[in-house]
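Student: Would you mind keeping the following structure in view while I ask a few things?
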Amino acid sequence: MADATPAEASSSGDAAGKMITLISSDGESFEVLEEAAAISRTINHMIEDNCVENGVPLPNVPSKILAKVIEYCNMHVPSSSDAAGGSGEKDLKSFDAGFIAVDQATLYDLLLAANYLDVEGLLDLCLQTVADMIKGKTVEEIRKTFNIECDFTPEEEAEIKKENQWAFE
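Residue numbers (UniProt numbering): 1 to 169.
Okay, here's the thing in C-alpha coordinates:
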(Lines of atoms letter the chains of each structure in order from A and count residues from 1; the text may use other names and numbers.)
(Lines give C-alpha, C1' and ligand atoms only; values in the text may rest on other atoms or scores of the structure.)
Protein backbone atom coordinates (compact mmCIF):
# COMPACT_ATOMS: atom_id res chain seq x y z
CA MET A 1 0.00 0.00 0.00
CA ALA A 2 1.50 3.27 -1.04
CA ASP A 3 1.55 6.26 1.23
CA ALA A 4 -0.11 9.42 -0.01
CA THR A 5 -1.01 12.84 1.23
CA PRO A 6 -4.69 13.75 1.50
CA ALA A 7 -4.27 16.20 -1.39
CA GLU A 8 -2.92 13.48 -3.68
CA ALA A 9 -5.69 11.12 -2.73
CA SER A 10 -8.53 13.56 -3.36
CA SER A 11 -7.19 14.67 -6.74
CA SER A 12 -6.21 11.23 -7.97
CA GLY A 13 -8.36 8.57 -9.46
CA ASP A 14 -7.59 6.07 -12.12
CA ALA A 15 -9.47 3.76 -14.40
CA ALA A 16 -9.92 1.37 -11.48
CA GLY A 17 -11.93 3.87 -9.42
CA LYS A 18 -11.86 6.75 -7.02
CA MET A 19 -9.20 6.83 -4.33
CA ILE A 20 -9.58 8.10 -0.77
CA THR A 21 -7.05 8.65 1.99
CA LEU A 22 -7.18 6.90 5.33
CA ILE A 23 -5.05 8.37 8.12
CA SER A 24 -3.84 6.08 10.90
CA SER A 25 -3.60 7.03 14.57
CA ASP A 26 0.14 7.62 14.15
CA GLY A 27 -0.41 10.00 11.22
CA GLU A 28 0.50 7.73 8.31
CA SER A 29 -1.66 8.20 5.20
CA PHE A 30 -2.83 5.38 2.96
CA GLU A 31 -4.34 5.90 -0.47
CA VAL A 32 -7.07 3.30 -0.91
CA LEU A 33 -9.56 2.41 -3.61
CA GLU A 34 -12.94 3.71 -2.43
CA GLU A 35 -14.56 0.34 -3.19
CA ALA A 36 -12.13 -1.40 -0.83
CA ALA A 37 -12.51 1.21 1.91
CA ALA A 38 -16.30 0.96 1.65
CA ILE A 39 -16.13 -2.63 2.93
CA SER A 40 -15.82 -0.89 6.30
CA ARG A 41 -19.35 0.18 7.22
CA THR A 42 -17.88 3.00 9.29
CA ILE A 43 -15.96 4.40 6.31
CA ASN A 44 -18.83 3.65 3.93
CA HIS A 45 -21.10 5.91 6.00
CA MET A 46 -18.48 8.66 5.76
CA ILE A 47 -18.30 8.17 1.97
CA GLU A 48 -22.10 8.37 1.70
CA ASP A 49 -22.07 11.57 3.79
CA ASN A 50 -19.29 13.08 1.61
CA CYS A 51 -16.93 13.31 4.58
CA VAL A 52 -13.81 11.91 2.90
CA GLU A 53 -12.54 14.91 0.91
CA ASN A 54 -9.70 15.72 3.31
CA GLY A 55 -8.91 12.17 4.32
CA VAL A 56 -10.46 9.94 6.93
CA PRO A 57 -8.74 10.09 10.33
CA LEU A 58 -8.83 6.77 12.17
CA PRO A 59 -7.65 7.64 15.69
CA ASN A 60 -8.05 4.08 17.00
CA VAL A 61 -6.08 2.26 14.28
CA PRO A 62 -2.25 2.32 14.13
CA SER A 63 -0.55 2.21 10.71
CA LYS A 64 0.71 -1.38 11.06
CA ILE A 65 -2.84 -2.62 11.64
CA LEU A 66 -4.46 -0.26 9.13
CA ALA A 67 -2.15 -1.65 6.43
CA LYS A 68 -3.37 -5.17 7.29
CA VAL A 69 -7.03 -4.09 7.26
CA ILE A 70 -6.52 -2.46 3.85
CA GLU A 71 -4.84 -5.63 2.57
CA TYR A 72 -7.87 -7.63 3.72
CA CYS A 73 -10.35 -5.18 2.16
CA ASN A 74 -8.44 -5.05 -1.14
CA MET A 75 -8.70 -8.83 -1.41
CA HIS A 76 -12.40 -8.82 -0.53
CA VAL A 77 -13.60 -6.17 -3.00
CA PRO A 78 -16.46 -7.75 -4.93
CA SER A 79 -15.65 -8.11 -8.62
CA SER A 80 -17.59 -9.14 -11.70
CA SER A 81 -15.49 -12.32 -11.97
CA ASP A 82 -16.75 -13.40 -8.52
CA ALA A 83 -20.34 -13.25 -9.77
CA ALA A 84 -19.46 -15.51 -12.71
CA GLY A 85 -18.39 -18.29 -10.35
CA GLY A 86 -14.96 -19.83 -10.47
CA SER A 87 -12.30 -20.18 -7.83
CA GLY A 88 -12.82 -16.77 -6.18
CA GLU A 89 -14.24 -18.12 -2.93
CA LYS A 90 -11.60 -20.85 -2.70
CA ASP A 91 -8.85 -18.26 -3.27
CA LEU A 92 -10.33 -16.01 -0.56
CA LYS A 93 -10.41 -18.85 1.95
CA SER A 94 -6.77 -19.57 1.20
CA PHE A 95 -5.90 -15.87 1.50
CA ASP A 96 -7.83 -15.58 4.80
CA ALA A 97 -6.03 -18.59 6.28
CA GLY A 98 -2.63 -17.07 5.52
CA PHE A 99 -3.72 -13.54 6.44
CA ILE A 100 -4.91 -14.45 9.93
CA ALA A 101 -1.81 -16.50 10.78
CA VAL A 102 -0.37 -13.73 12.97
CA ASP A 103 0.89 -13.39 16.52
CA GLN A 104 -1.62 -12.89 19.34
CA ALA A 105 -0.96 -9.16 19.75
CA THR A 106 -1.58 -8.52 16.06
CA LEU A 107 -4.72 -10.68 16.15
CA TYR A 108 -6.02 -8.65 19.10
CA ASP A 109 -5.29 -5.35 17.32
CA LEU A 110 -6.94 -6.63 14.12
CA LEU A 111 -10.00 -7.65 16.11
CA LEU A 112 -10.24 -4.19 17.68
CA ALA A 113 -9.78 -2.47 14.31
CA ALA A 114 -12.32 -4.72 12.58
CA ASN A 115 -14.83 -3.93 15.30
CA TYR A 116 -14.12 -0.17 15.25
CA LEU A 117 -14.26 0.00 11.44
CA ASP A 118 -17.18 -2.44 11.24
CA VAL A 119 -15.55 -4.78 8.73
CA GLU A 120 -17.88 -7.73 9.28
CA GLY A 121 -15.90 -10.39 7.39
CA LEU A 122 -12.64 -9.49 9.12
CA LEU A 123 -14.31 -9.37 12.53
CA ASP A 124 -15.83 -12.81 11.92
CA LEU A 125 -12.43 -14.14 10.82
CA CYS A 126 -10.72 -12.78 13.96
CA LEU A 127 -13.43 -14.06 16.29
CA GLN A 128 -13.39 -17.52 14.68
CA THR A 129 -9.62 -17.62 15.12
CA VAL A 130 -9.95 -16.78 18.83
CA ALA A 131 -12.74 -19.37 19.21
CA ASP A 132 -10.51 -21.99 17.58
CA MET A 133 -7.74 -21.09 20.04
CA ILE A 134 -10.13 -21.80 22.94
CA LYS A 135 -11.92 -24.87 21.59
CA GLY A 136 -11.20 -28.07 23.50
CA LYS A 137 -9.01 -26.44 26.14
CA THR A 138 -9.31 -26.54 29.90
CA VAL A 139 -9.65 -23.36 31.92
CA GLU A 140 -5.98 -23.59 32.85
CA GLU A 141 -4.92 -24.02 29.20
CA ILE A 142 -7.02 -21.01 28.18
CA ARG A 143 -5.44 -18.93 30.93
CA LYS A 144 -2.00 -19.96 29.73
CA THR A 145 -2.83 -19.30 26.04
CA PHE A 146 -4.10 -15.78 26.74
CA ASN A 147 -1.79 -15.02 29.65
CA ILE A 148 -4.69 -14.59 32.08
CA GLU A 149 -3.87 -14.62 35.77
CA CYS A 150 -6.33 -16.41 38.06
CA ASP A 151 -7.46 -13.94 40.70
CA PHE A 152 -9.72 -16.36 42.57
CA THR A 153 -8.75 -17.83 45.91
CA PRO A 154 -8.66 -21.64 45.92
CA GLU A 155 -11.92 -21.60 47.88
CA GLU A 156 -13.66 -19.30 45.36
CA GLU A 157 -12.43 -21.40 42.47
CA ALA A 158 -13.71 -24.61 44.12
CA GLU A 159 -17.11 -22.98 44.71
CA ILE A 160 -17.36 -21.84 41.07
CA LYS A 161 -16.43 -25.32 39.83
CA LYS A 162 -19.07 -26.82 42.14
CA GLU A 163 -21.79 -24.40 40.95
CA ASN A 164 -20.89 -24.86 37.28
CA GLN A 165 -19.83 -28.49 37.27
CA TRP A 166 -21.39 -29.03 33.82
CA ALA A 167 -18.86 -26.63 32.28
CA PHE A 168 -15.88 -28.57 33.61
CA GLU A 169 -16.93 -32.00 32.32
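Beta carbons: idealized from backbone N, C-alpha and C, even for Gly.
Apart from the five residues on each side of it in sequence, which residues of its chain come closer than 8 Å, Cβ to Cβ, to K137?
Tutor: Within the sequence shown, residue 137 is the residue found at index 137, counting from 1. Closer than 8 Å at Cβ, skipping near neighbours: T145.
Student: Under DSSP, the beta strand (DSSP E) around L58 begins and ends at which residues?
Tutor: In the sequence shown, counting from the first residue as 1, residue 58 sits at position 58. No beta strand (DSSP E) holds L58; DSSP gives it neither H nor E.
Student: Using a Cβ-Cβ cut-off of 6 Å (strictly less than) and excluding sequence neighbours within five positions of C73, which residues of its own chain qualify?
Tutor: By one-based count along the sequence shown, residue 73 stands at place 73. Cβ neighbours of C73 beyond the five flanking positions: A36, I39.
Student: By Cβ distance below 7 Å, which residues in the same chain neighbour L125 in space, the five residues on each side in sequence not counted?
Tutor: Walking along the sequence shown from the start, residue 125 turns up at place 125. So the qualifying residues of the chain are D96, I100.
Student: What is the DSSP secondary structure of E35, counted as helix, strand or coil?
Tutor: Here residue 35 is taken as the residue at index 35 of the sequence shown, counted from 1. Reduced to three states, the DSSP call for E35 is helix.
Student: DSSP state of D14, grouped into three classes?
Tutor: Looking up residue 14 in the sequence shown gives position 14. Any reading at D14 must be qualified, since the residue scores a pLDDT of 43, below 50, and its modelled position is unreliable; the value itself is stated next. DSSP places D14 in strand when its eight states are reduced to three.
Student: Is I70 helix, strand or coil when you go by DSSP?
Tutor: For the purposes of this step, residue 70 is identified with residue 70 of the sequence shown, where counting begins at 1. Looking at I70 - three-state DSSP - the assignment turns out to be helix.
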